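Counting along the sequence shown from 1, when you hit position 265 you're at 250 in this note's numbering, and nothing is skipped either side.
Okay, so here's the structure we're looking at.
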Amino acid sequence: MGIKYKIIHFNINDLGIDINSVKNALSFKSLAWDTNDIKISQLKFLARKFYNDKTVIFQEAQRYLDDRTLPPNIKKLILLLSEEDRQTFYAYKPFRKRSISRFIVKSINNQWEVSNIESPESTNFTQHPDSPSDLRKLKRRFPPMDLATSHSFILKKLIIRFVEMLCECEHERKIKKVEVTCHQMSLIIDNTINSVCNSPEGLHQDGSDYIVSALVIDKYNIDGGTSKLYCTEREEFIKSHTLNCGEGLFHIDRNSTIWHKVTPIKLKEPSIKIGYRNILGFDFNYIQ
C-alpha cells in the first residue's frame, strides 16, 4: 500500500480486516435488481437511432426514468422504430443488483465515530456528469442496504480505515467530518449475453472528493473486470489492475487529473452459465 498521485492500491488484510469476515457480514443475496439500467440502456439506444432528436430524448429522460407513463416524444420515437429495433429496445435487462447507505464520520476526542444516516424506502442518487449527454446526471433511486449490513461493525471499521487514508492524502486539511456513501453492488452475467460492465459510460469521474472506485468482496467464474486509472496530465493510463478479493483502489476524484473505468466481465467457463463480481464502492465528501 502506498500513495502516488493520491492513489492507494490496498488489500484489506493490510488494514487488519479479514476478507472472509467481510463476506460473512455483508450479504449480497438479497440485493434488488437495478432497473434504472434498463431504461438508461433504452434511452441510449433511442439516442443512437434518432441522433437528431437527442435533445428531446434527454429533456424527457428523467420523466422516463421516474414514471410508468411514457413521455409523449419518447413514446413517438418508440413507435417509429422498426420491428427489429423495437425487439432490441425491449430486450434490455438489468445486469446489476445494488443498494446504498449513507454515513457521517466525525472526529470526537481524536477518535473516528461512524453514524448512520437513516434512509427511506428508496434513496435518490445522482452523479456529476462529464458531458451534456452523460445520463449519470439523472436522479436514480436505489433501495437502502439491509439494516444488518449498514449497521455492521465490519462495514464501519472499513469506513474508518478509508477515512484515515483520506486524512493521509489530505493531511493539511485537518479533516474533522466526512459524509460517506457506500454502494453495495453485484454485477451479474449469464450465458445469454457476451459481457456486462459496471462502468458502461467509460472513463469518468464520480464527482466526490475521494472514492473507493471498487473494493472486490467476491467474484465467481469471470474474466475481465480490470480497474484502470487515467491521468489527464500525463495523457496515459497510470494504473491497470484486475482486483482480487479483498483488494481495492482508493483515490482522488473531483477536480483532479484522475479518471477511472473498469473493463467488462465475461464468463470464464461458459458451461457454468453464470458469473458475478460483488463489490463495495465508497464516495467521500468533506464537510469540515
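Heads up, the beta-carbon is just placed ideally off N, CA and C, and yes, glycines get one too.
If you're wondering where the values come from, they're calculated on a predicted model, not measured in any experiment.
Taking 8 Å as the threshold (C-beta atoms), are residue j and residue i in contact?
| i | j | result |
| --- | --- | --- |
| Asn109 | Lys124 | yes |
| Cys152 | Ile160 | yes |
| Ile207 | Lys253 | yes |
| Ile196 | Tyr(-10) | no |
| Asp194 | Asn263 | no |
| Lys82 | Ala17 | yes |
| Ile145 | Ile2 | no |
| Phe267 | Ile(-7) | no |
Who pairs with residue i in a beta bridge, going by DSSP?
| i | result |
| --- | --- |
| Leu140 | None; Leu140 has no bridge partner. |
| Asp175 | Ile259 |
| Lys204 | Arg262 |
| Phe13 | Paired residues: none, contrary to the question. |
| Val41 | The partner list for Val41 (beta bridge, DSSP) is empty, contrary to what the question assumes. |
| Asp268 | Thr166 and Ile196 |
| Leu214 | Lys224 and His245 |
| Glu98 | Lys91 |
Residue i: which of the options sits nearest, CA to CA?
| i | options | result |
| --- | --- | --- |
| Ala199 | Pro128, Thr111, Leu265 and Ser12 | Leu265 |
| Tyr205 | Phe269, Ser92, Ser171 and Lys141 | Ser171 |
| Arg158 | Phe88, Asn270 and Thr20 | Asn270 |
| Ile85 | Gly233, His226 and Asp19 | Asp19 |
| Gly260 | Asn176, Ser225 and Asn240 | Asn176 |
| Asp191 | Cys230, Leu132, Lys141 and Asp119 | Asp119 |
| Leu0 | Leu143, Leu214 and Lys162 | Leu143 |
| Lys60 | Glu69, Ser184, Ser212 and Tyr49 | Tyr49 |
| Ser241 | Ser225, Pro185, Asn58 and His189 | His189 |
| Lys14 | Tyr77, Phe(-5), Pro105 and Asp131 | Asp131 |
| Val163 | Ser92, His156, Lys258 and Cys230 | Ser92 |
Assuming residue i contacts residue j (C-beta within less than 8 Å), just tell me the rounded distance between them.
| i | j | result |
| --- | --- | --- |
| Val165 | Phe80 | Their Cβ separation, rounded to whole angstroms, is 26 Å, which puts Val165 and Phe80 out of contact at 8 Å. |
| Leu11 | Thr134 | 5 Å |
| Ile250 | Ile174 | 6 Å |
| Thr73 | Phe30 | 7 Å |
Practice item. Assess, as a yes-or-no matter, whether the region 212 to 225 is touched by the region 13 to 30 under the definition of 3 or more beta carbon pairs within less than 8 Å. Key: no
Review point. Are the region 48 to 55 and the region 144 to 158 touching by the rule of at least three beta carbon pairs closer than 8 Å?
Key: no
Check your understanding: For the region -8 to 7 against the region 31 to 39, are there 3 or more C-beta pairs whose distance is under 8 Å?
Key -> no
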